[in-house]
Every structure is written in C-alpha cells, then in structure tokens.
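Just so you know, we're using our numbering here: the sequence shown kicks off at 358 and counts up by one.
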Amino acid sequence: MSICRHCGASIIWLAAPIGRLVPCEIGLLKVLTETAEKIQTPRGRVPVYEVRTGYLPHWLSCPQANEQQREWARAFGTAGGNSPRQGEGR
Ligand SMILES: [Zn+2]
Numbered sequence: 358m359s360i361c362r363h364c365g366a367s368i369i370w371l372a373a374p375i376g377r378l379v380p381c382e383i384g385l386l387k388v389l390t391e392t393a394e395k396i397q398t399p400r401g402r403v404p405v406y407e408v409r410t411g412y413l414p415h416w417l418s419c420p421q422a423n424e425q426q427r428e429w430a431r432a433f434g435t436a437g438g439n440s441p442r443q444g445e446g447r
C-alpha cells in the first residue's frame, strides 16, 4: 500500500496488461458491463450484462489529477476480468 503524493489518499499499485504499474483505489469494485450477447424478451432483444470485478484507477478519482492523467486512466477503465497482480510500491 502507498500514499498518493498529490492528495494523500491510500492507494495500491497494480500491474496493468501493458506492463506499467497503475495507481488504484483500494478495494474491488463490481461493475455491470454489456456483453455482445442478446436475449429475446417480450420487449424485444436486449443485451446481456455481466458482473465484472476490478479496481478503479486512482487518477479517475484523485482531486489533484490533471486531465492528461484522467485520460490515461480512462483508457484502462476498471481492470476487470483478470485479477491484477499486486505491484511493487513506489
Ligand atoms: Zn490522489
């Protein structure tokens, strides 16, 4: 566990698929994501959703993050699907 040097929040560093460490909020989130599948209902064909578990990149919630950091974090969304490895602290 580390401390964000910008706002002082407790964060963890997780290894992202691209091989970089990403500062993340502590605690897993459950999020609903739309799948490509659809099912027929009385109201027509509707998408199937699945629950995924992931971590929220801290730069999306850090009050001190700049727009470039937020853009970068949005590219990751939540690290859903895989269980990310705990990274080395900084
Ligand atoms: Zn912060």
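For every residue, glycine included, the Cβ atom is placed at its ideal position computed from N, Cα and C.
Quick caveat, the model's predicted, so the values are computed rather than measured.
Residues of the same chain with a CB within less than 6 Å of the CB of P420, apart from the 5 flanking positions on each side, are C364 in chain order.
Here the alpha carbons of T410 and G401 stand approximately 29 Å from one another. Shortest gap from the CB of G384 to any heavy atom of ligand 1: 8 Å or more. Shown here, Q421 sits in coil according to DSSP, grouped into three states, outside any helix or strand. Setting aside the 5 residues that flank it on each side, I383 is surrounded in the same chain by S367, I369, each with a C-beta closer than 6 Å to its C-beta; the list follows chain order. Following the DSSP letters along the chain, one finds Y406 inside the beta strand (DSSP E) bounded by residues 401-411.
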